[in-house]
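Here the protein sequences come in this chain order: A and B.
At position 37 of the first sequence (counting the first as 1) the number is 77 in the working numbering, and the numbers step up by one without a gap.
At position 315 of the second sequence (counting the first as 1) the number is 1689 in the working numbering, and the numbers step up by one without a gap.
Ideal Cβ positions, reconstructed from N, Cα and C, are used throughout, including at glycine.
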Amino acid sequence: MVDTQKNLLIAERLLEGRAAGFRHPEPFRLDADVEAADLNAAVRMLFNTEWGYLAAITGLDRDRQDGEFEVLYHFCSADAVVTLRLRTGRETQRIPSVTGVIPAAEFFERELSEYFGVRVEGIPGEIRATGDRSHAGKSRQFEG
Amino acid sequence: MPGGAETFHIPIGATREASPGFELKLDGEVVVSARLLPGFDQRRVEIAAEKRGWQEIIDLLADLFGLCPHAHALAYILGVERLAGLEVPPRARAIRMLVAELERVHSHILWFGALAYQAGVDNLFLECWQERQGVLGLLESLSGKRLAYSPNRIGGVNFDLTPGLSADIRRTIDHLDQRARRYLNLLNRDPLLRKRTHGVGVTTRSQAEKLGLVGPTARGSGVLRDIRVDAPYSGYEAFSPRMVLDHAGDLHARLSVRLKEMVQSIELVRRILAGMPEGALVVEDFDGGIPPGETISRVEAPCGELFYFIKSSGGDRPARIKIRTPTQSNLASIPALAPGHHLADVPLLLAGVDPYFSFKHSAAVISGPDGPHPAWTWDDLRSFGIAHYGG
Chain A
41 MVDTQKNLLI
51 AERLLEGRAA
61 GFRHPEPFRL
71 DADVEAADLN
81 AAVRMLFNTE
91 WGYLAAITGL
101 DRDRQDGEFE
111 VLYHFCSADA
121 VVTLRLRTGR
131 ETQRIPSVTG
141 VIPAAEFFER
151 ELSEYFGVRV
161 EGIPGEIRAT
171 GDRSHAGKSR
181 QFEG
Chain B
1375 MPGGAETFHI
1385 PIGATREASP
1395 GFELKLDGEV
1405 VVSARLLPGF
1415 DQRRVEIAAE
1425 KRGWQEIIDL
1435 LADLFGLCPH
1445 AHALAYILGV
1455 ERLAGLEVPP
1465 RARAIRMLVA
1475 ELERVHSHIL
1485 WFGALAYQAG
1495 VDNLFLECWQ
1505 ERQGVLGLLE
1515 SLSGKRLAYS
1525 PNRIGGVNFD
1535 LTPGLSADIR
1545 RTIDHLDQRA
1555 RRYLNLLNRD
1565 PLLRKRTHGV
1575 GVTTRSQAEK
1585 LGLVGPTARG
1595 SGVLRDIRVD
1605 APYSGYEAFS
1615 PRMVLDHAGD
1625 LHARLSVRLK
1635 EMVQSIELVR
1645 RILAGMPEGA
1655 LVVEDFDGGI
1665 PPGETISRVE
1675 APCGELFYFI
1685 KSSGGDRPAR
1695 IKIRTPTQSN
1705 LASIPALAPG
1715 HHLADVPLLL
1725 AGVDPYFSFK
1735 HSAAVISGPD
1745 GPHPAWTWDD
1755 LRSFGIAHYG
1765 G
């Protein structure tokens, strides 16, 4: 089995210069703060070097009062999990799509876009993932 | 309409908002492109979970994920226990692992039967679903429920394994061991199953890696990915299964992997029963509080990796739960795999990734060159495939 700590160290080195900061919230995890402008470069480093696969994208309200929002891109490689954390705000919920690097991310990005109201710029096509629903696209802040 | 006069748009999947589906674009009867249409079900589960107490969520997950209730409850509870810093007693861990492997067995039988049904091998479908009842009966004996079963509670399990139930489990899995080997034999010899699965939906290892496929779908393309081995949990550290791989990457390979895994799970159940530790079923000094923090929890559900992100703010309910099911990862492969296949292969192509969405009354041709077409149910599509292959 691949050594988890060595695996996380490789990921940290791959992300150097593309992440503003690193944390180890748990022994098997590495969190890396990224800016929107660096997101695709960071994703490319993890994906094109075959470090791991994109397991999920999580939308997270950091502060519902202030509308501070975070998008988490979870990459897995054996036991190790690297999370790219991208902060955005309610007024500026615009993030770049990563489908140019990982086409299979489309499902995750559409879900994020339509359930949280985050505008993911660059998702191919115009079709809504969930159809024309009156309550689609609202941010979770409004869901009580 | 792009693609010429013979281009059709076909949405496949439930039109109600509870389940995801697909839209296919056809040129004649050949798939040109496919698009995934996820439903609302997932987010509703997450929001529903965030409105419940930590312990209540276990029942919610068991109720909502009918084919693998234990896998969901386990992924959730392992994360919660990590946040709470709980060390679950060995016997409880072993019981959880036992239920997980029984769940894998009945899920793989169900899936093989469902695929046989899509291929028009109805006798095999009925036989598989009949055999599955045996495992459901064992789970009912343990937990009191045949479907929404879950022995779990935070810090351990609610139900113990009796000597009588252990004997029943041994008897049932001995029988299923023979059935699994018979299914493998059928898969390799039955002309119709061979015709419908060989060379269909071929995914190379490189494609599977890039698509992020998980579970038997990935292992059918030679990808070494199994959370029980990669990140062992709940006792798998001592009962690590040997990864079943097939490098062919087609539907036949995915079937073969699942049936071999069924045999392997049966062997794991025997080993777990033989090594079942004695002792407590639950942590004694847990006060119910979950400290603030975030964690990620992954388990190997029957369909593949199940991913949970859990955040606690220290309150009596979670601040956030994100669930990514294996179906979500594996269905994402369809847009890449479907183009070039005949429409007749679509039912098996979809069934091949072991999706968790409604198969019935859910396909409709909504437009073609001459305007709206009559609606197709999923059964229509299945019949079309069977007729095309002379079944």
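| Query | Result |
| --- | --- |
| Endpoints, beta strand (DSSP E) assigned at F115 (chain A) | E108 to S117 |
| Minimum length 4: unbroken alpha helix (DSSP H) runs contained in the segment 1585 to 1641 of chain B | 1589 to 1593 and 1601 to 1604 |
| Residue of B:P1651, B:G1589 and B:G1649 minimising C-alpha distance to S1481 (chain B) | B:G1589 |
| Alpha-carbon spacing of Q1504 (chain B) relative to E75 (chain A), whole angstroms | 54 Å |
| Helix, strand or coil at F1681 (chain B) [DSSP, three-state] | strand |
| Neighbourhood of I1697 (chain B) by C-beta, 7 Å cutoff - its chain only, sequence neighbours within 5 removed | Q1416, V1419, E1420 and Y1682 |
| Cutoff 6 Å; reference N1526 (chain B); Cβ partners in own chain excluding five residues on either side | I1432, A1447 and I1451 |
| Length of the line joining the Cα atoms of L100 (chain A) and I1670 (chain B) | 14 Å |
| Which of helix, strand or coil DSSP assigns to F62 (chain A) | strand |
| Three CB pairs or more closer than 8 Å across the segment 1629 to 1648 of chain B and the segment 1471 to 1478 of chain B | yes |
| Alpha-carbon spacing of A120 (chain A) relative to P136 (chain A), whole angstroms | 25 Å |
| Classification of D1661 (chain B) by the beta-carbon crowding that lies within 10 angstroms, buried from 16 upward | exposed |
| Limits of the alpha helix (DSSP H) - the one that L1367 (chain B) falls within | Coverage of chain B is limited to positions 1375 through 1765, which leaves residue 1367 (chain B) absent and any answer about it impossible. |
| CB contact check: E108 (chain A) to chain B, cutoff 8 Å | no |
| Where the beta strand (DSSP E) containing G99 (chain A) begins and where it ends | Y93 to D103 |
| F1733 (chain B) classed as buried or exposed, judged by whether at least 16 other C-beta atoms fall within 10 angstroms | Summary for F1733 (chain B): the model assigns pLDDT 38, below 50, so the residue's position carries little reliability, and this model does not support an answer. |
| First and last residue of the uninterrupted alpha helix (DSSP H) at A72 (chain A) | First-last for A72 (chain A): R69 to V74, but that is the beta strand (DSSP E), not the alpha helix (DSSP H). |
| G1716 (chain B) in three-state terms, based on DSSP | Correcting the residue identity first, residue 1716 (chain B) is His in this sequence and not Gly. H1716 (chain B) falls in the strand class under three-state DSSP. |
| Residue closest to R163 (chain A), alpha-carbon to alpha-carbon, out of A:P143, A:T44, A:T123 and A:F156 | At residue 163 (chain A) the sequence reads Ile, which differs from the Arg that was named. When only C-alpha atoms are compared, the closest one is A:P143. |
| Closer than 8 Å to chain A by CB, T1669 (chain B) | yes |
| The segment 1591 to 1607 of chain B in contact with the segment 1559 to 1567 of chain B per 3-pair CB rule at 8 Å | no |
| Simplified DSSP assignment, three categories, for K1569 (chain B) | helix |
| Stretch pair the segment 1564 to 1574 of chain B + the segment 1529 to 1539 of chain B: three plus CB contacts closer than 8 Å | no |
| Three-state secondary structure (DSSP) of L124 (chain A) | strand |
| Distance CB(E1424 (chain B))-CB(I1684 (chain B)) smaller than 8 Å | no |
| Closest by C-alpha distance to R1465 (chain B), when choosing among B:G1667, B:M1650 and B:T1591 | B:M1650 |
| Per-residue contacts from A1612 (chain B) into chain A (C-beta, under 8 Å) | Neighbours of A1612 (chain B) on chain A: none; closest Cβ ~15 Å, over 8 Å. |
| Any non-hydrogen atom of the ligand NAP closer than 7 Å to L1566 (chain B) Cβ | Absent from the structure shown: the ligand NAP. Ligands present: none. |
| 8 Å Cβ cutoff, K1519 (chain B) in contact with chain A | no |
| Contacts around L1723 (chain B), its chain only, beta-carbon distance under 8 Å, and the 5 residues preceding and following it disregarded | V1574, G1575, L1625, I1708, L1711, A1712 and H1715 |
| Three-state secondary structure (DSSP) of V1462 (chain B) | coil |
| Rounded C-alpha distance that separates R1426 (chain B) from F68 (chain A) | 28 Å |
| Any chain A beta carbon closer than 8 Å to Q1702 (chain B) | yes |
| Contacts that D119 (chain A) makes with chain E (C-beta to C-beta distance below 8 Å) | Annotation note: the requested chain E is absent from the structure, which comprises protein chains A and B. |
| A1541 (chain B), enclosing alpha helix (DSSP H) - first and last residue | P1537 to R1563 |
| Three-state secondary structure (DSSP) of A1522 (chain B) | coil |
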